[in-house]
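Read through the structure below, which is laid out as C-alpha cells, and then see the notes.
Protein chains: 4
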Amino acid sequence: MTDDLRIAILGTGRIGSMHADLVHTRTEGAVVPVVFDVHPPSAAETAARLGIDTADSAEAVFARSDVDAVAICTSTDTHVDLMVAAAEAGKAIFCEKPISLDVAEVDRGLAAVAAAGVPLQIGFNRRFDAGHAAVREAVLAGSVGDLRQVHITSRDPEPPPISYVKVSGGIFNDMTIHDFDMARFVTGSDVVEVYAKGSVTVDPAIGEAGDYDTVTVLLTHANGVVTTIDNCRQAAYGYDQRVEAFGSQGVATSENHANHHTVVRTSAGSHGAPVPHFFLERYIPSYIAQWRQFVDAVKSGTPTPVTGADGRAPLVIGAAARQSAQENRPVAI
Amino acid sequence: MTDDLRIAILGTGRIGSMHADLVHTRTEGAVVPVVFDVHPPSAAETAARLGIDTADSAEAVFARSDVDAVAICTSTDTHVDLMVAAAEAGKAIFCEKPISLDVAEVDRGLAAVAAAGVPLQIGFNRRFDAGHAAVREAVLAGSVGDLRQVHITSRDPEPPPISYVKVSGGIFNDMTIHDFDMARFVTGSDVVEVYAKGSVTVDPAIGEAGDYDTVTVLLTHANGVVTTIDNCRQAAYGYDQRVEAFGSQGVATSENHANHHTVVRTSAGSHGAPVPHFFLERYIPSYIAQWRQFVDAVKSGTPTPVTGADGRAPLVIGAAARQSAQENRPVAI
Amino acid sequence: MTDDLRIAILGTGRIGSMHADLVHTRTEGAVVPVVFDVHPPSAAETAARLGIDTADSAEAVFARSDVDAVAICTSTDTHVDLMVAAAEAGKAIFCEKPISLDVAEVDRGLAAVAAAGVPLQIGFNRRFDAGHAAVREAVLAGSVGDLRQVHITSRDPEPPPISYVKVSGGIFNDMTIHDFDMARFVTGSDVVEVYAKGSVTVDPAIGEAGDYDTVTVLLTHANGVVTTIDNCRQAAYGYDQRVEAFGSQGVATSENHANHHTVVRTSAGSHGAPVPHFFLERYIPSYIAQWRQFVDAVKSGTPTPVTGADGRAPLVIGAAARQSAQENRPVAI
Amino acid sequence: MTDDLRIAILGTGRIGSMHADLVHTRTEGAVVPVVFDVHPPSAAETAARLGIDTADSAEAVFARSDVDAVAICTSTDTHVDLMVAAAEAGKAIFCEKPISLDVAEVDRGLAAVAAAGVPLQIGFNRRFDAGHAAVREAVLAGSVGDLRQVHITSRDPEPPPISYVKVSGGIFNDMTIHDFDMARFVTGSDVVEVYAKGSVTVDPAIGEAGDYDTVTVLLTHANGVVTTIDNCRQAAYGYDQRVEAFGSQGVATSENHANHHTVVRTSAGSHGAPVPHFFLERYIPSYIAQWRQFVDAVKSGTPTPVTGADGRAPLVIGAAARQSAQENRPVAI
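Chains as they are written, first to last, in the numbering used here: chain A, 70 to 402; chain B, 70 to 402; chain C, 70 to 402; chain D, 70 to 402.
And the structure:
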C-alpha cells in the first residue's frame, strides 16, 4: 500500500535477513524495498526470497527516494558511519545493538542523528517481549509498589565461536548489554554503580581471549534499587530469560517459556518440555513488536521507544563492569 | 481445658486411629478421652500413644458423662446401630462414610438422630481441602458465573485388597461416593440422572468379584449442570485429585499437589516431583479442618457442614450408577 | 525455487487467506502461485498482499500446469465438487473440515480421490499442535502405558453468528468434530458408541435454531478406552484447549497456553495472563506444521498424516452424538 | 516406648513450644519428658498441653536421668552457657541458631561439646525442606553438573518488632544467616569473600537502630561458585523462600509453595492463592524432618546433619557482610 513505511535493510547476515523477513511479511504497514550487504550473494539470497531489490552500496540505498528508513544490521564497527550517513540522508534509523564499542563513536553517531532530527531506535528487542513488558507494566501501574530489588537471569545455550568472542567487545558489551538495558527499562532509573564478578567455567579458550564466560553483576540504580544479573554463555537446558521486580506491594516475575505445555506424569514424577533453545525460538514475537512500534513511531512522529541514550548507557555500564571484575571493587558511573 | 469438646473414637483401625491423633493433638478445643475397638489391642495401642483410656464396649463409651461426642470409625455394617445408640445417649455424632450400604438402614439411623436432636456430621473430608473448597467458594462468590460443566478426576494409587473390594459395596459406593459428594458440593445441586461406564483394566480379580476398577460417570444435576467423573483404582503417578467448575464467567480448577516444588531443568526438559502418594499425604489438612468445623458446630449449636442428607444422597446416586453401567442406559433418580 | 510445491488456494475467506499467507511466506518448500474466490475482491486482496495471481474460476486453477496442489477452503457445501474436480485434474488436495455434512457426499469425494490416486489431507490442524502431539507421542512411546481414559476440554471464546450456526451442521459437526478427531488421534482407536448431553446455556437463539451450545460427550472406543469431551460455545476466559490421556503407567496432559508467562504476586495472591483468545492466537504454529507435513508427504510420495477416512469418521460420530443427545441414550456406531 | 529418645526443651517461647509439640506428638521415636523456661507460666502451659513435667531450673533438667538430650531454644545470649552445661552433663544437644553473636563464645561452646563428645545439631531447618533438599540432591547426584551460580531469595512478610531488631545482631545475623547456611549447604563449599549492599526501604526505625531491612549479598565460594542473595524484611505477598542452583548440565529451582492449588481463570487472567504467610505455614514439615534426623543420628551414633562448624560459619560470613555493606567493598574471609 502507498502508506507502507519503506525500510531498507543494511546487512543481511543472520539478524539482518531475519529482520528483512519480519518487516516484509509480518509487519503490517511496512515493506522492505531493498537490501544491501557487503557480501552480495547474501543480499541476493534475501532479495530473491522476498522478491525485492538489492543495492550495490549503502550509498545507493541512502540515495533512493523510495526508502523511508534503514535498519543497520551490519558488523558493529560499521554502525556509526552508516548512522551518520543515514541521518544526513534524512532517513529514519533502526540500529542494532551495540551502536559501537567506543563511546566517543556512539556520541558522534548520536550527534549526527540529533543534528538531522531523524528518528532513531536501538535494537533492544527484549523490551518488547510480552512477559518482560508485563513486568515493566506492573511497575508502572504500581502493582508491585516502590521497587526494591530486581533480578535478571540471562543465559545462552552455547557460547558463540571464539572468533566472535574476540571481536565482540567482551561478554559485558555483547551479552550483558541486554540485561543492563533490561535493568534500566524495568526500574526506569539509571545505574550509578556496578560490582561484577567474572569467571571462566565454560571454555578456557574464552579466558585465553581475555574474556569471561560466566558473570554475576550487582547494579545500584539512582533510585536506590539494587539489580543482580546472572549471565552464562552456556546453559544445557536452553535459553534462560527471566526478569523479576520486587517492590513494597508485590513481585512481578517473567518466567521462561517452554517448547510446549504437555506434562507427562509417571511414578518418576512430572516431566515437561525444555525451554526454547535460543533467541529465534523465544523472541520472534518481540522482534515483530519492536518493528510495529518503530513503524508506528516513525509514521506518527512520536518518540521511538528505545532512544539513542538508551543505546549509549549500557555501553558505559559495560565498561564499568569490566573494570569492576578486573579490579574486584565497585565502580561508580 | 474445661471447654474442650470430648470426642470418643469408636474403631481404631487405620482411619479411626488417625482421627484419634488428629483430634487429640492437632484440633484446638477438642480432646479424645477414650477409644474403643472390637479388637482390644488396637484400642490399647492408640490409647497408650495418646495417654488416654480404653473402653470395654461401645455401650461403656456412651455411658460416660465425660464424652460429649463420638466418632464412628468402625466397619460400615456397624455404623447405623452405633449411630442409633449414640443418638439415644444424646451424644453428638461424627460418622465415617458410607453411613451404610443399605439406604433403608441409613434412613433408620437418620431418623434416630433426628428424634434425638443431636448434631451429626458425615466424613466427606474432601470438602475441607483448601483447594476444592476454593472451587466451591469461587462458585458461591460468582467468580465463575452460572455453572455449566464440572469435571472431577479421582484416582487411587493402587486398588485395595480383593477381600476389601468384596465387602466395600463396589467402586461406586466406596470410591466414587466421594466424587458424587464433591459434585453436589461444588454445584450446590442434587443429581437427577446418572450415566456410567465401567470396565476392568487394572485387575481381573476385581471383575471376578463383580466390580469395576475403572469408571466414567456423567451426572445431570437439577440445575442443568453436567458433571463428568473419571475414576480408576490404580494410577501409577499417585493419588490424582482434581476438581474443575466451569461457568459463564470463568473456570476454577483445583489442581494436584506435588511432593515438593523443586524443578530440575536439563537438556531433556523439566523434571518435577510426583503427586502425593495417597490420602494420608494429601488430605491430612482437610481432616483437621473437618474436625475444627465439627467442634465449632457442636460447641456453637450451629448446623454441621456435612449433614445426614449429604451422607444419604451419594448412596442413591451410587446405586443408580451401578444400574446404569450394567444396563448401559441413563438412570433417573 | 524450482523444487517448491505450488499450492493454489481455493477460497480466500478468513481461513483461506490465512493459509495463503502461511504457505507462501512461512512454509519452506512451498509457494502459492494463484488464489481463487467466488468473491473476486477477496481473492484480489490476498493476491495483492502476496504479489501473486488470481484466477477467474476454480476450473482455471485446475487447468494451470504450475499448480501442483490445491487447498479447498471454500464453503462446506462446495468441498466435494471441488475435491472431485481437483482429483480428476491430478492435483494433490488439502481440504478443510468438514469435508461435507452429508456422508454420502463425503464418500463420493473420497472415491474420486481414490480413483485418481492423488494425495489428500484433511485440515485437522490440532493434531499438529506441539502439546497435543506430545500427548500422542507419549501414548505411542508407551510412557503412559495402556490407555484407559481420555478427557478433552474444548471451548470457544464466543459463539459464531447465528447465521453461521444455522448452516454449520450443528455443534457436533462444526465444533466437536475437532474433538472427535482428537479422540481418535490420541487413542489410535475408532469410536464404537456415543452418549451425549446437550443444552443451551449461552444464547437462546442457538436453541431456537435447533442446536445446542454446551455439550458433554462420552465416547467408547473399540479398544475399550472411554473419552469424555467438554464443549461450550462461550468461555469468558478465552480459547480453552486441553487434552489428557491416562493409562496404566501415567498420564499426559496438554495444558492451555498463556498470553505471556509473567506472574504478579501481591497480598491478594498470584495473577497471570489470560489464555490465548482464539485459534489465531493459539494454533498458528499447528497450521504451519500441518503445511510442512502436507508438503513433505506430497513431495516424498508418502501417506499424508490426516487421511480421507480421518475426515469421514468424525462426521459419523457427530451424527450419532446428535441422535444420542436428542434421544438421551447411547448410540452405537 | 522404652526406645524413645527423651528430649527436654529449654525455653518455651514461640519456637521452643513449637519444638515441644513437634517432638512429643509428631516425631516417631522421641518424647519430651520435661520443659523449662525462665518464665515458669510459659513452661507450665506447654507442659499442661502435653501432659508432661516442668523443671525449676536448667540444672534440674541436666540432672535428670530420664533426659537423653536437650533442645536449647532460649534467648541467644544464654545458648553457650547452656550448651557447656549440657555437654558436661553428657546430654546430646540441639541448639537453635544463632549459637551466639560472639564467635569467641561460639568457640567456647563448641570446645565444650568436643571435649564431652556429645552429639550437637544446629537448627538450620531449611536444609530439611523437601524442596531445598531436592536442590542439594540434584547437585550431589550430578543432575545439574558442575555448579556455577546460585541464587537465593528470602523475604519475610513483616519485620519483627523494633525491640527485637535492636538485640537480634542485625539482619545479617538474624535473617541472612539462614541463606548463608543454605549457600554452604547447596554448594558444599565454604565462602571466601562477601560483597553486600544494604538499605532501609521498609521502616526508618530499623535504620535508626543501626540496621538494614533490605540487603543484597554476593558470595564467592572456595570452589569458585558465586551465590547471590536477595533479602527483605517485608514482602507484601508472603514468605518468599526460593533457592536455585545452576551448573554445567542444568538448573534446579526450589519454588515457593502456595496456600492451595486452585486457579480461577476469567477474562482478567488467571488468579491463584498467595504463598504461605510465614515460617509456621511453610516450614513445619522441615522442622519435623530436622527432628527425625536428630533422633536418628543420636540413636545410631552417626554424625548429625548440621554440625557446630555449620553453626559457626554463617556468623563469620555475617560479620564480613556487615563490614562490606558499611565500607562498600568486598571483604575476604
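The beta carbon of each residue, even a glycine, is placed where N, CA and C say it ideally should be. Just so we're clear, the structure is a prediction, and the values are computed from it rather than from any experiment.
Check your understanding: Between G380 of chain A and K166 of chain A, which are expected to be in contact by the criterion C-beta below 8 Å, what is the C-beta distance as a whole number of angstroms?
Key -> Contact between G380 of chain A and K166 of chain A holds: CB atoms are separated by about 6 Å, below the 8 Å threshold.
Review point. Rounded to a whole number of angstroms, what is the C-alpha to C-alpha distance between A184 of chain D and F347 of chain D?
Key: 38 Å
Review point. Are the beta-carbon atoms belonging to A291 of chain A and D250 of chain A less than 7 Å from one another?
Key: no
Point to revise | C-beta neighbour in chain A for Q318 of chain C, strict 7 Å | key: yes
Check your understanding: Rounded C-beta distance between L256 of chain D and V284 of chain D? I'm assuming under 8 Å.
Key -> Note on residue identity: the sequence assigns Thr, not Leu, to residue 256 of chain D. Actually they are not in contact, since the Cβ atoms of T256 of chain D and V284 of chain D sit about 20 Å apart, beyond 8 Å.
**Study point:** Check: H93 of chain B C-beta below 6 Å from any heavy atom of the ligand GDP
**Key:** Of the ligands one can find in the structure shown there are none, so the ligand GDP has no counterpart to examine.
Review point. Sorted by chain position, which residues of the same chain lie with C-beta nearer than 6 Å to S169 of chain A's C-beta, five sequence neighbours on each side aside?
Key: H148, V149 and V175
Check your understanding: Any C-beta of chain D sitting closer than 7 Å to the C-beta of S339 of chain C?
Key -> Interface flag for S339 of chain C against chain D is set, since a Cβ pair is found closer than 7 Å.
Exercise for review: Quick one: give me the first and last residue of the beta strand (DSSP E) that L384 of chain C is part of.
Suggested key: Element bounds for L384 of chain C: not the beta strand (DSSP E) but the alpha helix (DSSP H), G377 to E396.
Review point. How is the beta strand (DSSP E) around L349 of chain B delimited, first residue to last?
Key: Segment F348 to S369 is the alpha helix (DSSP H) holding L349 of chain B; no beta strand (DSSP E) there.
Point to revise | Partners in chain D for Y404 of chain C, counting only beta-carbon separations shorter than 7 Å | key: This structure leaves residue 404 of chain C out entirely; chain C is present only between 70 and 402.
Review point. With a cut-off of 7 Å, does the C-beta of G120 of chain A fall near any C-beta of chain C?
Key: yes
Review point. Should the segment 227–236 of chain A be regarded as contacting the segment 77–88 of chain B, the criterion being three or more beta carbon pairs within less than 8 Å?
Key: By the Cβ rule, the segment 227–236 of chain A does not count as touching the segment 77–88 of chain B, because fewer than three pairs are nearer than 8 Å.
Point to revise | Spatially closest choice to F163 of chain C from C:Q362, C:A401 and C:A210, by CA coordinates | key: C:Q362
Exercise for review: Taking only beta carbons into account, state which residues of the segment 211–233 of chain A come closer than 9 Å to chain C, listed in chain order.
Suggested key: S212, V213 and G214
Exercise for review: Would you mind working out which of D:E114, D:R196 and D:D171 sits nearest Y352 of chain D, comparing C-alpha positions?
Suggested key: D:R196
Review point. How long is the line joining the alpha carbons of R118 of chain C and A112 of chain A, rounded to whole angstroms?
Key: 23 Å
Exercise for review: Give every residue of the same chain whose Cβ lies closer than 6 Å to the Cβ of M70 of chain A, excluding the five residues on either side of it in the sequence, and list them in chain order.
Suggested key: Residue confidence is low: M70 of chain A scores 45 on pLDDT, short of 50, so the model does not pin down where it sits. Its coordinate-derived value is still stated next. Taken in chain order, the list of residues that qualify is empty.
Check your understanding: Looking at chain C, which residues of the segment 288–304 of chain B have a Cβ within less than 8 Å of any of its Cβ atoms?
Key -> Hits within the stretch, in order: T289, G293, V295, T297, D299, C301, Q303 and A304.
**Study point:** Three-way DSSP call (helix, strand, coil) for M70 of chain D in this model
**Key:** Since pLDDT at M70 of chain D reaches only 45, below the 50 mark, its modelled position is unreliable, and the value read off the structure follows with that caveat. Looking at M70 of chain D - three-state DSSP - the assignment turns out to be coil, as it is neither helix nor strand.
**Study point:** 8 Å contact criterion, which R391 of chain B and F241 of chain B should meet: CB distance rounded
**Key:** With a Cβ gap of about 5 Å, R391 of chain B and F241 of chain B count as contacting.
Exercise for review: Closer than 7 Å by C-beta to L151 of chain A: which residues in its own chain qualify, once you throw out the five before and the five after it? Chain order, please.
Suggested key: L79, A127, I141 and T143
**Study point:** Below-7 Å beta-carbon distance, P399 of chain C vs any chain B residue
**Key:** yes
Point to revise | Selected residue, minimal CA-CA separation from G200 of chain B, among D:G341, D:T115 and D:E350 | key: Among D:G341, D:T115 and D:E350, the Cα nearest to that of G200 of chain B is on D:G341.
Check your understanding: Which whole-angstrom value describes the C-beta separation of A161 of chain D and V130 of chain D, a residue pair presumed to lie in contact below a C-beta threshold of 8 Å?
Key -> That belief does not hold up - the Cβ atoms of A161 of chain D and V130 of chain D are roughly 13 Å apart, past 8 Å.
Check your understanding: Should R217 of chain A go down as buried or exposed, given a rule of 16 or more other Cβ atoms within 10 Å for buried?
Key -> By the 16-neighbour rule on beta-carbons within 10 angstroms, R217 of chain A is buried.
Review point. In the segment 267–291 of chain D, which residues sit with their C-beta less than 7 Å from some C-beta in chain A, listed in chain order?
Key: S268, T270, T283, T285, L287 and T289
**Study point:** In DSSP terms, what I78 of chain B is bridged to
**Key:** Answer by DSSP bridge pairing, in chain order: B:V104 and B:A140.
Check your understanding: Which partner residues does F241 of chain A have in the DSSP bridge list?
Key -> Its beta-bridge partners do not exist; DSSP assigns none.
Practice item. Determine the closest residue to R302 of chain C out of C:V344, C:D282, C:V213 and C:R311, with distance taken between C-alpha atoms. Key: Taking only the C-alpha atoms, the option nearest R302 of chain C is C:D282.
Practice item. Check each residue of the segment 345–357 of chain A: if its Cβ is closer than 9 Å to any Cβ of chain D, include it; give the result in chain order. Key: none
Point to revise | Contact set for G276 of chain A: own chain, Cβ-Cβ below 6 Å, skip 5 residues either direction | key: V269
**Study point:** First and last residue of the uninterrupted beta strand (DSSP E) at R315 of chain D
**Key:** For the record, residue 315 of chain D in the displayed sequence is Phe; it is not Arg. Residues D309 to G316.
Exercise for review: Could you spell out the range, first to last residue, of the alpha helix (DSSP H) harbouring R83 of chain C?
Suggested key: R83 to R95
Point to revise | CB contact below 7 Å: A394 of chain B versus chain A | key: Judged by the 7 Å Cβ criterion, A394 of chain B is not in contact with chain A.
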